[in-house]
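Asker: The numbering of the sequence shown is our numbering, which starts it at 3 and goes up by one. We put the beta carbon where it would ideally sit given N, CA and C, even for glycine. Just so we're clear, the structure is a prediction, and the values are computed from it rather than from any experiment.
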Amino acid sequence: MDKKPEERIFAIANGTIVADAPALGTSHDLRAGRRAARLPPLNLFRVFDAAARHGNFTTAAEELCVTQSAVSQQIRQLEELLEVRLFRRMPRRVELTREGTALASAVGESMALLLRACERIADPKAPVILCVNAPPSIASRWLVPRLKRFMQLNPQFKVTLLASNDPVDFDRQDIDVAIRWGQGNWPNARIELLAPDRLFPVCSPALLREGPPLLVPSDISRHTLLQVVNGSFWGAWFGAAGAGGMAFEETLYFNDAGLMLDAAVQGQGVALASRLLAESDLKAGRLVRPFDLEVETGAGFHVLTSPDFSEKPAVAEFRRWISLEGRESA
3 MDKKPEERIF AIANGTIVAD APALGTSHDL RAGRRAARLP PLNLFRVFDA AARHGNFTTA
63 AEELCVTQSA VSQQIRQLEE LLEVRLFRRM PRRVELTREG TALASAVGES MALLLRACER
123 IADPKAPVIL CVNAPPSIAS RWLVPRLKRF MQLNPQFKVT LLASNDPVDF DRQDIDVAIR
183 WGQGNWPNAR IELLAPDRLF PVCSPALLRE GPPLLVPSDI SRHTLLQVVN GSFWGAWFGA
243 AGAGGMAFEE TLYFNDAGLM LDAAVQGQGV ALASRLLAES DLKAGRLVRP FDLEVETGAG
303 FHVLTSPDFS EKPAVAEFRR WISLEGRESA
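In structure tokens, the structure reads:
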């Protein structure tokens, strides 16, 4: 039995022959496909909603603070895009067609949803979400223990804390406040020093009891040195202590200052730490300071905010609060 040639369906769309298009059997279907593929500009629906509610283009124009001609033109544009007639034009008023009535119901519901959403956002009694971004080390060791106090003082603010060392771009990231360590040269940001970076050695009490004694700064060379990979200030500290040019038996490197301090707590060696990062461990007795000498690094932790939104009430209050906390710790 001969096999019939495969049947193929052709349709013409915008002057182009389209093969294998069974869903485009009629010109009406083609128009429906085009309509579904693109949503008209949303401002046209705003104009349509006003005209549908008032049943009059002139009254709609007064509500929207535009001319009657502008309303008429935008309604015509919407009708052309949808390829349906939305209004019957009467001498002194307009009436919705069947298609217009169906669209008016959906548009009215959508506008009401948008209005309620805007009211919730603008409600001064509604909780304000504040997004804070900080490196993992200072986020976990210094900021987290304090956030509860901030929210108790400001119950209208809710804080979302993100831990990251990534570069900050307030124009592209949904961040209100960032904390970063450095020398204060970040572009496109309002920068305020949280605390200067004065470093001093720390170690676990067990290391002092069980390891080689730490009587003078040069004794540190007999222990494992703990430091971060992106730079160390041990040389500056030993120089200030008058013990420069020493060789060390062993050094462990970490990509995060918090991990370095965890290693120090576990007795794996001696680390250089700032007061902000080591504060909780020092208070709890997990770390001790074998020497009081501190060295300035010229850097420190800074609070970064967007220049455009740094005076926004929630951001301004957080800036004020964290500045006080930083001064108390330093």
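How should Glu330 be labelled, buried or exposed, when 16 other C-beta atoms within 10 angstroms of its C-beta is the threshold for buried?
Answerer: That one is exposed.
Asker: Leaving out five residues on either side along the sequence, give the residues of the same chain with a beta carbon under 6 Å from the beta carbon of Asn135.
Answerer: Cβ within range, chain order: Leu164, Ser166, Ile177 and Ala180.
Asker: Can you find at least 3 beta carbon pairs, one from the segment 224-239 and one from the segment 259-271, that sit closer than 8 Å?
Answerer: Yes, the segment 224-239 is in contact with the segment 259-271.
Asker: Mark Gln1 as exposed unless 16 or more other C-beta atoms lie within 10 angstroms of its C-beta, in which case mark it buried.
Answerer: Given a span of 3 to 332 for the chain in the structure shown, any question on residue 1 remains unanswerable.
Asker: Using only the alpha-carbon positions, how far apart do Ser220 and Phe311 sit?
Answerer: Taking the straight line from one Cα to the other gives about 49 Å.
Asker: Rounded to whole angstroms, what is the Cα-Cα separation between Ala23 and Glu82?
Answerer: Because the pLDDT at Ala23 is just 39, under 50, the model does not fix this residue reliably, and the value given afterwards should be weighed accordingly. For Ala23 and Glu82, the distance between alpha carbons rounds to 25 Å.
Asker: Spatial neighbours of Asp51 within its chain, please: C-beta separation below 8 Å, excluding the five flanking residues on both sides.
Answerer: Contacts found: Ala106, Val109, Gly110 and Met113.
Asker: Please report the residue range of the alpha helix (DSSP H) in which His56 lies.
Answerer: Segment Leu44 to His56, the alpha helix (DSSP H) holding His56.
Asker: Taking the straight line between their C-alpha atoms, what separation do you get for Leu210 and Leu216?
Answerer: Each residue's alpha carbon lies about 7 Å from the other.
Asker: Report the partner residues of Glu298 according to the DSSP bridge assignment.
Answerer: Glu298 pairs with Arg200.
Asker: Based on Cα-Cα distance, which residue from Gly184, Ala266 and Leu155 lies nearest to Pro207?
Answerer: Nearest option by C-alpha distance: Ala266.
Asker: Using a Cβ-Cβ distance under 8 Å, would Gln76 count as near chain C?
Answerer: In the displayed structure, chain C is absent; only one protein chain is listed.
Asker: Give the straight-line distance between the Cα atoms of Ser325 and Ser71, rounded to the nearest whole angstrom.
Answerer: If I take the Cα positions, the gap works out to 56 Å.
Asker: Are three or more beta carbon pairs between the segment 238-248 and the segment 182-199 nearer than 8 Å?
Answerer: The segment 238-248, when compared against the segment 182-199, does not touch it at the 8 Å Cβ threshold.
Asker: For Glu252, collect the residues of the same chain with a Cβ closer than 6 Å to its Cβ; drop the 5 residues on either side in sequence, then sort them by chain order.
Answerer: Result list for Glu252: Thr226, in chain order.
Asker: Helix, strand or coil for Gly184? Go by DSSP, reduced to three states.
Answerer: Reduced to three states, the DSSP call for Gly184 is strand.
Asker: Taking the alpha carbon of Ala242 as the reference point, which residue from Ile140, Leu295 and Trp183 has its own alpha carbon closest?
Answerer: Answer by Cα proximity: Leu295.
Asker: Under 8 Å between the Cβ atoms of Thr99 and Arg91?
Answerer: Contact flag unset, no.
Asker: If you reduce the DSSP assignment to three classes, tell me which class Lys285 lands in.
Answerer: Residue state, collapsed to three classes: helix.
Asker: Provide the residue span of the alpha helix (DSSP H) that contains Lys150, from first to last.
Answerer: Unbroken alpha helix (DSSP H) run through Lys150: Val146 to Leu155.
Asker: What are the boundary residues of the alpha helix (DSSP H) that Ile123 is part of?
Answerer: Arg100 to Ala124 is the extent of the alpha helix (DSSP H) around Ile123.
Asker: Out of Gly300, Thr61, Leu278 and Ala273, which one is the CA nearest neighbour of Pro292?
Answerer: That would be Ala273, whose Cα lies nearest to the Cα of Pro292.
Asker: Which runs of the alpha helix (DSSP H) at least 4 residues long sit entirely within the segment 214-294? Give them in chain order.
Answerer: Within the segment 214-294, the complete alpha helix (DSSP H) runs of at least 4 residues are 236-242, 259-267 and 277-286.
Asker: Do you know offhand how far Thr61's Cα is from Ala53's?
Answerer: So the alpha carbons of these two residues sit roughly 8 Å apart.
Asker: On the premise that Val170 lies in contact with Leu279, defined as a C-beta separation below 8 Å, what is that separation, rounded to the nearest angstrom?
Answerer: With a Cβ gap of about 20 Å, Leu279 and Val170 do not count as contacting.
Asker: For a test of the three-state rule: what should DSSP assign to Ala38, helix, strand or coil?
Answerer: Residue placement at Ala38 is poorly supported in this model, since its pLDDT is 49, which falls under 50; the coordinates are not used for a value here.
Asker: When the Cα atoms are used, what is the spatial distance from Phe159 to Glu319?
Answerer: Phe159 and Glu319: Cα-Cα distance of roughly 10 Å.
Asker: Closest by CA to Leu289, which one among Gly300, His304 and Gly271?
Answerer: Among Gly300, His304 and Gly271, the Cα nearest to that of Leu289 belongs to Gly271.
Asker: Note the first and the last residue of the continuous beta strand (DSSP E) segment covering Ala370.
Answerer: It is not possible to answer for residue 370, since the shown part of the chain is limited to 3 through 332.
Asker: Glu327 and Arg192 look like a contact to me (Cβ under 8 Å); what is the Cβ gap, rounded to whole Å?
Answerer: Contact doesn't hold; Cβ gap of about 18 Å is too wide.
Asker: Please state if the CB of Arg95 and the CB of Asn45 are separated by a distance shorter than 8 Å.
Answerer: It is not a contact, given that the beta carbons lie outside the stated cut-off.
Asker: What's the call for Asp283, buried or exposed, on a 16-neighbour Cβ count within 10 Å?
Answerer: Result: buried.
Asker: Looking at the strands, I want to know which residues DSSP matches up with Phe89.
Answerer: Beta-bridge pairing links Phe89 to Leu98.
Asker: Between the Cα of Trp183 and those of Leu155, Val146, Arg48 and Gly233, spot the shortest distance and give me the residue it belongs to.
Answerer: Out of Leu155, Val146, Arg48 and Gly233, Gly233 has the C-alpha closest to the C-alpha of Trp183.
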